[in-house]
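Enquirer:
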Amino acid sequence: MAFVSPVPLRPRSTAVVAAALERGGAVVALESSVLAQGLLPPHNREAADRMMRAVQAAGATPAVTAIVRGEPWFGLESEALERFLARDGVRKVSARDLGIAMADSADGATTVAATLAMCTLGGIEVFATGGIGGVHRDAPFDESADLVELARTPVIVTCAGAKSILDLPATLERLETLGVPVVGYGTDELPGFFSVTTGLRLTARLDSPQAIARAWQAHRALGRTSAMLIVQPPPADHAVPVDIVERATVAALEAARAAGIRGAAVTPFLLADIQQRTGGRSVQANLALLENNARLAGQIAAALHS
Ligand code: PSU
Ligand code: MN
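Going left to right, the sequence shown walks through residues 1093 to 1398 as the numbering used here numbers them.
#1: How far does the alpha helix (DSSP H) with Arg1306 in it reach, from first residue to last?
#2: Could you check how far apart the C-beta atoms of Ala1252 and Pro1325 are, in whole angstroms? I think they sit under 8 Å.
#3: At a cut-off of 8 Å, would you count Val1096 as near the ligand PSU, judging by its Cβ distance to the nearest heavy atom?
#4: Whole angstroms is fine: what's the gap from Arg1137's alpha carbon to Ser1300's?
#5: Can you tell me whether Ala1158 is helix, strand or coil according to DSSP?
#6: Where does Thr1359 sit, in a helix, a strand or coil, going by DSSP?
#7: Run the proximity test for Phe1219: is its beta-carbon closer than 8 Å to any non-hydrogen atom belonging to the ligand PSU?
#8: What residues match up with Lys1184 in a beta bridge as DSSP calls it?
#9: Between the alpha carbons of Asn1385 and Gly1222, how many angstroms are there, rounded?
#10: Within the continuous beta strand (DSSP E) that includes Arg1297, where are the two ends?
#11: Excluding the 5 residues flanking Arg1339 on each side, which residues of the same chain have their C-beta closer than 7 Å to its C-beta?
#12: By the DSSP assignment, the beta strand (DSSP E) with Glu1114 in it spans what residues?
#13: Would you give the residue range spanned by the beta strand (DSSP E) that Thr1403 belongs to?
#14: On the criterion of 16 or more Cβ atoms from any shown chain inside 10 Å, does Leu1362 qualify as buried, or is it exposed?
#15: Relative to the alpha-carbon of Ser1197, which residue among Gly1162, Leu1379, Gly1181 and Leu1282 has its alpha-carbon at the smallest distance?
#16: CB-CB under 7 Å to Ser1124, same chain, minus the five flanking residues each way: which ones, in chain order?
#17: How far does the beta strand (DSSP E) with Phe1166 in it extend, from its first residue to its last?
#18: Kindly indicate the opening and closing residues of the alpha helix (DSSP H) around Val1404.
#19: What would DSSP say about Glu1235, mapped onto helix, strand or coil?
#20: Taking Glu1346 as the reference, which of Asp1230, Ala1149 and Arg1244 has the closest Cα?
#21: Taking three-plus beta-carbon pairs below 8 Å as touching, is the stretch 1370-1388 in contact with the stretch 1320-1335?
#22: State yes or no: is the C-beta of Gly1371 nearer than 8 Å to some heavy atom of the ligand MN?
#23: Name the two residues that bound the continuous alpha helix (DSSP H) containing Val1334.
#24: Excluding the five sequence neighbours on either side, which residues of its own chain have a C-beta within less than 6 Å of the C-beta of Ala1193, listed in chain order?
#25: Identify the residues that DSSP records as bridge partners of Arg1293: which are they?
#26: How would you write the range of the beta strand (DSSP E) that Phe1176 sits in, first residue to last?
#27: Helix, strand or coil, according to DSSP, for Ala1150 in the structure here?
#28: Contact between the stretch 1280-1294 and the stretch 1246-1264: three or more CB pairs below 8 Å?
#29: Leaving out five residues on either side along the sequence, give the residues of the same chain with a beta carbon under 6 Å from the beta carbon of Ala1262.
#30: Please determine if the stretch 1349-1369 and the stretch 1106-1117 are in contact, where contact requires at least 3 C-beta pairs separated by less than 8 Å.
#31: In angstroms, rounded to a whole number, what distance separates the CA positions of Gly1390 and Val1099?
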């Protein structure tokens, strides 16, 4: 086998994303695991549409990241997007799985961790998602790889906090230990993903994309190599009350235990189970917060390029 140079490869891009990257324009990465594992059809298509449109409306270019038949891509051609939305043989790919998915010529939907790893390959600095992974409730040794990748990848990530299925106080403590700033956008507390409040106070708050861009530039000027997590609550008209989310989560955790679900399957299982138990309310909240986070990411990317 030929010697492989350690120079990182450059992902392939759709024409639109390539043009934006070439002119040094504002580009926002979007993860694909939420499309291929997190949400069911037809909601995943709606999520993709709403997120991409929100980024564009803010003056930036969206780039869904994925491994397509073994190749890393920024942006998906329509044929590939259809396969991902059909969830047709698409595996969940975290950072550790990227190289294996390439060697297997597989279709792989990237989690937050894998999307972060890909951002560095193309100089993408802003990334929007729904909720990050973190420390699991029943099994504190099960900690999402999202956390360590956030610790070592200089990218701004917009989200609605960590997924409500997690141990949120523990996740917040880990982010502190890992040196990842958690900034409330228009809020002083960590949002609860589907719900607005958690009662967990944050140490930083910034109220405009310009202020976030300035903080980011300072973070980078200091040579910090971690991400900056920007958290905002889901839009109030779609948020789900905490007690409803909590009841569904406890039941979903019990169902996962009974079914013996482990490893990477845990998060998709819990999200699907909660969707069923809340009769679609959580789906509407999920779609609204994904769009909201994509809009904010677009605005931040535009501010960085103004
Ligand atoms: N949040 C959602 N839907 C999702 C995820 C998060 O609303 O599908 C995905 C993200 O891709 C996140 C991953 O990175 O779940 C975390 O999985 P794990 O806990 O196995 O690291
Ligand atoms: Mn895990």
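The beta carbon of each residue, even a glycine, is placed where N, CA and C say it ideally should be.
Expert: A quick look at the data gives this:
#1: Note, Arg1306: alpha helix (DSSP H), Pro1301 to Ala1313.
#2: Contact between Ala1252 and Pro1325 holds: CB atoms are separated by about 6 Å, below the 8 Å threshold.
#3: No; taking the cut-off as 8 Å, the Cβ of Val1096 has no heavy atom of the ligand PSU nearer than that.
#4: Rounded to the nearest angstrom, the two C-alpha atoms are 29 Å apart.
#5: Three-state result, Ala1158: strand.
#6: Per DSSP, reduced to three states, the secondary structure at Thr1359 is helical.
#7: Within 8 Å of the C-beta of Phe1219 there is not a single heavy atom belonging to the ligand PSU.
#8: Beta-bridge pairing links Lys1184 to Ala1201.
#9: Roughly 7 Å separates the two Cα atoms.
#10: Where Arg1297 is concerned, the enclosing beta strand (DSSP E) stretches over Ala1296 to Leu1298.
#11: The answer is none, since no qualifying residue turns up.
#12: Counting along the chain, Glu1114 falls outside any beta strand (DSSP E), though it belongs to the alpha helix (DSSP H) covering Ala1107 to Glu1114.
#13: A question about residue 1403 goes unanswered here, because the residues of the chain that appear run from 1093 up to 1398.
#14: Leu1362 is buried by the Cβ-count criterion.
#15: Among Gly1162, Leu1379, Gly1181 and Leu1282, the Cα nearest to that of Ser1197 belongs to Gly1162.
#16: Same-chain partners within the cutoff: Val1156, Thr1157, Ala1158, Phe1176, Ala1201 and Thr1202.
#17: Counting along the chain, the unbroken beta strand (DSSP E) around Phe1166 starts and ends at Glu1163 to Phe1166.
#18: Outside the displayed range of the chain (1093 to 1398) lies residue 1404, so it cannot be described from this structure.
#19: Correct three-state label for Glu1235: strand.
#20: Of Asp1230, Ala1149 and Arg1244, the smallest CA-CA separation from Glu1346 is found for Asp1230.
#21: Two segments are said to touch when three or more pairs of C-beta atoms, one from each, lie closer than 8 Å; by this definition the stretch 1370-1388 touches the stretch 1320-1335.
#22: Gly1371 Cβ: outside cutoff for every heavy atom of the ligand MN.
#23: Per DSSP, Val1334 is one residue of the alpha helix (DSSP H) stretching across Val1334 to Ala1350.
#24: Ile1159, Val1185 and Gly1200.
#25: Answer is Glu1281, bridged to Arg1293.
#26: Here Phe1176 belongs to no beta strand (DSSP E); instead the alpha helix (DSSP H) covers Ser1170 to Leu1177.
#27: If DSSP states are grouped into helix, strand and coil, Ala1150 belongs with coil.
#28: In short, these stretches touch, since the Cβ pair count reaches three.
#29: Val1227, listed in sequence order.
#30: No, the stretch 1349-1369 does not touch the stretch 1106-1117.
#31: Our two residues, Gly1390 and Val1099, have alpha carbons roughly 29 Å apart in a direct line.
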